[in-house]
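First up is the structure itself, then whatever we jot down about it.
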Amino acid sequence: MVLGAVPEGMRPAGSQQEFVRAVKEHPDALALRCHGYRNLMQVATALSNWADWTTLTTRPTEQRIAEEADLALSTVKRWVRWLRERGFLGTVEEGTTVRYRKGTRMGLDDDGLGNRAAVWVLCVPSPQVDDVAPVTDKTSSRTDRTTTEPPSVTLPERVTEGPTHARETRSSRRKTRISPTSARPASPGTKRHALQTAEQIRDTSTTLRRLSPWYIRHLTRVFLVAGWTADDVLHALDHKPDGTAWTYTWQHVDDLRHIPGWVKHRLAAWLDVDGRPVASKSQRLDAAAAKVRSEQEAWRAQRESLNAARVGGPLELAPRLTRAEALAPQPVVAGVAAAGPSAAYRAARAVLARRPREVERWALVDAAAQDTIEAQRVLVEAPAPKPVVEDEELRRRQVVLARARMRARSERERPAL
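So for the sequence shown, this note's numbering puts the first residue at 162; every next one is plus one.
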């Protein structure tokens, strides 16, 4: 059933990566705009992630793909239909429910299978016989169509009948594509570095994939010499210098009659009156960050000067210890005997110990004064009745006076320390 579901001209994919790579390199996919290409690759990646490793069949529901990829259900259905129309998905089993499945009498009989999702097999284009070059004495077996220079819409195809010089072959003169992910990147400002940047621009932009990296380097040479990066060029193709986005008057990349002219028109807005590139997005951000850092340094220097004027000199911080020095145990000083508490510590402890005794002594003084006042009140003849407020005021004054007398007496009798 799986092999019978493979569309004509296709073959079952050997792996999940092969399926995703085939969808990514399809000409119709490369002609899509950036958001459509992104949605297509998200749907294709979700289908490959749910595929069985043995049969390369996948059966996730469209609703599940929409939830995982954060896309609308209609968007997922459109791109699944796109993959089925181009043969990347072979239908092994259509999605059915109990009501519409055969043999259930419109849902009256339950077959116990429930709702079944559609089952697809991942497919890739099968190699054509004409695409395989015969191996002869003049053609090496290592040469294939994937290592040749990408086609250009403006330059004619190069003549491959034979070399122009008898002492060298064309295969020795042609250079392979330079990958931007090479282990040893080129130095900035060189032709090799500019070619790597052009390769990054071509791999990121779906509109410029019809141009070769060498032609993209030619179109962006002035900007790359000025220090622009691949992201700066892509930003300039989508935005104006004032930050507003370019408006698109075409729906598909095939509507562009001349892609190099479109690139020149977009980048011309980023040139000054003398034909020199203005500051790019990354250069503006770097300049703003440098300005903020300089303001911070000036504020920090001003604060340090104010602190130095306040303390009478510049502040010198202690040298920062390394991790090994911080974790090392403290050295033991030889010849120093274990001494007891210092004199300052003893004095402080004596003051703290004397405070509770003083509080207790003043409590005894207050109690004695209160007893004296009560004894004198008994001996004195009861005065004429007075308002309660005046009696309380007199009592309070007597207590304060007795407390002051007792305090003076204790101070006189207290021995000098």
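Where is the CB? At the ideal position from N, CA and C, for every residue including glycine. The structure displayed is predicted, hence computed values, not measured ones.
Check	Outcome
Whose C-alpha, out of N210, T218, T215 and D447, is nearest the C-alpha of R225?	N210
Just how far apart, CA to CA, sit R370 and E477?	59 Å
On the three-pair Cβ rule with 8 Å, is the stretch 215–225 touching the stretch 188–202?	no
Any idea which residues DSSP pairs P421 with across the strands?	DSSP output for P421 lists no bridge partner at all.
Give the single residue among E246, A279, E223 and M171 whose Cα lies nearest to the Cα of T236.	E223
Identify which residue in G388, Q537 and W281 has its Cα closest to the Cα of P168.	W281
What do you get for C195, buried or exposed, if any count of 16 or more other CB atoms within 10 angstroms of its CB means buried?	exposed
Using 8 Å for Cβ pairs, my map puts I420 next to T368. What's the rounded Cβ distance?	7 Å
Along the alpha helix (DSSP H) that carries T647, what are the first and last residues, could you check?	Since the first and last residues shown for the chain are 162 and 578, residue 647 lies out of range.
Hey, could you find the ends of the beta strand (DSSP E) T252 is sitting in?	L250 to E254
Could you say which of Y506, A205 and V560 lies nearest to Q531 if we only look at CA atoms?	V560
When you compare only the Cα positions, how much space is there between V285 and A430?	43 Å
Measure how close the beta-carbons of A205 and E229 come, nearest whole angstrom, since I'm counting them as under 8 Å.	Not quite, the Cβ-Cβ distance comes to about 13 Å (not below 8 Å), so this is no contact.
Mind reading off the beta-carbon distance from D579 to K442? Whole number of angstroms is fine, and I expect it under 8 Å.	The displayed coordinates of the chain run from 162 to 578. Any statement about residue 579 would go beyond what the structure contains.
Can you grab the Cα-Cα spacing for the pair L356 / P374, in whole Å?	6 Å
Excluding the five sequence neighbours on either side, which residues of its own chain have a C-beta within less than 6 Å of the C-beta of W523, listed in chain order?	none
Name the one or two DSSP bridge partners that V285 has.	R172
Helix, strand or coil, according to DSSP, for V280 in the structure here?	strand
State the Cα-Cα distance for the pair T257 and T405, rounded to the nearest angstrom.	49 Å
Excluding the 5 residues flanking A227 on each side, which residues of the same chain have their C-beta closer than 8 Å to its C-beta?	A233, L234, T236 and V237
With a 10 Å radius around its C-beta and 16 neighbouring C-beta atoms as the bar for buried, classify R558 as buried or exposed.	exposed
Within 10 angstroms of its Cβ, does A359 collect 16 or more other Cβ (buried), or is it exposed?	buried
On the DSSP bridge assignment, give the partners of A406 in chain order.	H400
Assuming L417 contacts W423 under a Cβ cut-off of 8 Å, what Cβ separation, rounded to an integer in Å, is found between them?	6 Å
Three-state secondary structure (DSSP) at P221?	coil
Thinking C-beta only, is R220 closer than 8 Å to A279?	yes
Excluding sequence positions up to five away, which residues of its chain have a Cβ less than 7 Å from the Cβ of W240?	N200, L201 and V204
Assuming H354 is part of the alpha helix (DSSP H), what are its boundary residues?	K352 to T365
Taking just the CA atoms, how far does E521 sit from Q571?	Contrary to the premise, residue 571 reads as Ser rather than Gln in this sequence. Spanning the two alpha carbons is a distance of roughly 14 Å.
So, is A391 buried or exposed, given that buried needs 16 or more other C-beta atoms within 10 angstroms?	buried
With a 10 Å radius around its C-beta and 16 neighbouring C-beta atoms as the bar for buried, classify R464 as buried or exposed.	exposed
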